[in-house]
Amino acid sequence: MIVSGSASQSFAAALAAATGRSLAAVEYDRFADGELQASVPGFDAEAAVVVASTVSSDAHLEALQLQDAVREAGATEVTTVLPYMGYARQDRAFTDGEPVSARAVARALSTGTDRVLTVNPHEEAVCDFFDPPATQIDAEALLAEPLRTQPDPALEAPLFLSPDAGAIDVAETVRDAFGGGEIDHFEKTRTSGTEVSIEPGDADVAGRDVVVVDDIVATGSTMSESIEVLTERDVGRVFVGCVHPLLARDARSKLARAGVEAIHATDTIERTVSTVSVAPAIAEEL
Numbered sequence: 102m103i104v105s106g107s108a109s110q111s112f113a114a115a116l117a118a119a120t121g122r123s124l125a126a127v128e129y130d131r132f133a134d135g136e137l138q139a140s141v142p143g144f145d146a147e148a149a150v151v152v153a154s155t156v157s158s159d160a161h162l163e164a165l166q167l168q169d170a171v172r173e174a175g176a177t178e179v180t181t182v183l184p185y186m187g188y189a190r191q192d193r194a195f196t197d198g199e200p201v202s203a204r205a206v207a208r209a210l211s212t213g214t215d216r217v218l219t220v221n222p223h224e225e226a227v228c229d230f231f232d233p234p235a236t237q238i239d240a241e242a243l244l245a246e247p248l249r250t251q252p253d254p255a256l257e258a259p260l261f262l263s264p265d266a267g268a269i270d271v272a273e274t275v276r277d278a279f280g281g282g283e284i285d286h287f288e289k290t291r292t293s294g295t296e297v298s299i300e301p302g303d304a305d306v307a308g309r310d311v312v313v314v315d316d317i318v319a320t321g322s323t324m325s326e327s328i329e330v331l332t333e334r335d336v337g338r339v340f341v342g343c344v345h346p347l348l349a350r351d352a353r354s355k356l357a358r359a360g361v362e363a364i365h366a367t368d369t370i371e372r373t374v375s376t377v378s379v380a381p382a383i384a385e386e387l
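Taking our numbering, I'd label the letters of the sequence shown as residues 102 to 387.
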């Protein structure tokens, strides 16, 4: 049975449809003292697939409870699907005394599962923090699908830009899946202790369709600043593509004010901009 965390209900339903497996009933409660309880009344299966995007600390705890609940209900095999793995960007200690938070949460989740699937963690090496086998599902190429079908008029010889050189592979993957276009990346130069200049590489953007792609958009600050630079250079239309649309706080407003035509993202985090589903790719791996 497919067992959904509260933040991944649409994704879990899509996964159940794609796999032909039953979708379990799940109840999410919060007690007066603030403690959570996620339960699976009526669960009756030997194998469970717990689907939980851990977008918050509560979501992490909920995933642990669901793992335990299905075991308590008789499941002998548990697979945990993390469409979005929270804390994955904290994959090393940056200064003395800091935890490796990705490792800490991976160890906790490892105790209740036999297998882990997660979609494009910030670094694939994060999978090594889990004790049971953990597999990365690559959803970057899926971002090309809405870019092929939704813009009107259609994109013509677009430029795919990554926010920095480290993410150029994302731009290349989306470009190849789209079927054409150029790739480039923004150059960031620190001009002082507090200021960074952003330039869009060598490509000419005047009048062109540009797609800025990244694995995750969190606050949108760096991306909106980058797009403002494109606007100063008389860019045509600007689209944003990302695997994980975290879009914290006022990220949507920042990007809209910067001049973004549309945001296209997957449903690893369920947002209104989630225009393509990763559920079929997860279903294939299962």
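Beta carbons are placed, not taken as given, at the ideal position from N, Cα and C, and that holds for glycine. Owing to the predicted nature of the structure, the values given are computational and were not obtained by experimental measurement.
Straight-line Cα distance separating residue j from residue i
i, j, result
"Asp335", "Leu124", "49 Å"
"Ala176", "Arg204", "26 Å"
"Glu246", "Glu300", "28 Å"
"Glu283", "Leu260", "5 Å"
"Arg122", "Ala115", "10 Å"
"Thr274", "Glu241", "7 Å"
"Leu167", "Asn221", "23 Å"
"Gly405", "Ala366", "Outside the shown range of the chain, which is 102 to 387, sits residue 405, and nothing can be said about it."
"Ser202", "Ala189", "7 Å"
"Asp239", "Glu371", "18 Å"
"Ala108", "Gly213", "19 Å"
"Pro200", "Val104", "30 Å"
"Gly198", "His223", "22 Å"
"Ala341", "Thr180", "The question names Ala, yet the displayed sequence has Val at residue 341. Spanning the two alpha carbons is a distance of roughly 32 Å."
"Glu257", "Asp215", "46 Å"
Boundaries of the beta strand (DSSP E) in which residue i is found, first to last residue
i, result
"His365", "Ala363 to Thr367"
"Phe261", "Leu260 to Ser263"
"Val104", "Ile103 to Ser105"
"Val151", "Ala148 to Val152"
"Ala207", "Here Ala207 belongs to no beta strand (DSSP E); instead the alpha helix (DSSP H) covers Ser202 to Ser211."
"Glu385", "Taken as a continuous stretch (DSSP letters only), Glu385 belongs to no beta strand (DSSP E), being part of the alpha helix (DSSP H) at Ala380 to Glu386."
"Ala235", "Ala235 to Ile238"
Three-way DSSP call (helix, strand, coil) for residue i in this model
i, result
"Ser157", "coil"
"Gly187", "coil"
"Ile370", "coil"
"Leu124", "strand"
"Leu137", "strand"
"Val220", "strand"
"Glu257", "coil"
"Asp130", "strand"
"Gln251", "coil"
Beta carbon of residue i nearer than 8 Å to that of residue j
i, j, result
"Leu356", "Ser325", "yes"
"Asp192", "Ala139", "no"
"Met186", "Thr236", "no"
"Ile383", "Val182", "yes"
"Ala117", "Val141", "no"
"Leu262", "Val311", "yes"
Selection from the options that minimises the alpha carbon distance to residue i
i, options, result
"Thr373", "Ala380, Ile364 and Ala319", "Ile364"
"Pro184", "His345, Ala258, Arg216 and Leu262", "His345"
"Gly106", "Pro142, Leu165, Ala189 and Ala148", "Leu165"
"Glu136", "Ala153, Ala160 and Val150", "Ala160"
"Thr323", "Arg309, Ala352, Ala272 and Ala194", "Ala352"
"Pro252", "Val179, Glu362, Asp145 and Val141", "Glu362"
"Ile269", "Phe287, Gly281, Met102 and Glu257", "Phe287"
Host alpha helix (DSSP H) of residue i (start-end)
i, result
"Phe195", "Taken as a continuous stretch (DSSP letters only), Phe195 belongs to no alpha helix (DSSP H), as it is neither H nor E."
"Thr376", "That residue, Thr376, is in no alpha helix (DSSP H); its beta strand (DSSP E) goes Ser375 to Val377."
"Val227", "Segment: none, Val227 is in no alpha helix (DSSP H) and carries neither H nor E."
"Asp277", "Ile269 to Phe279"
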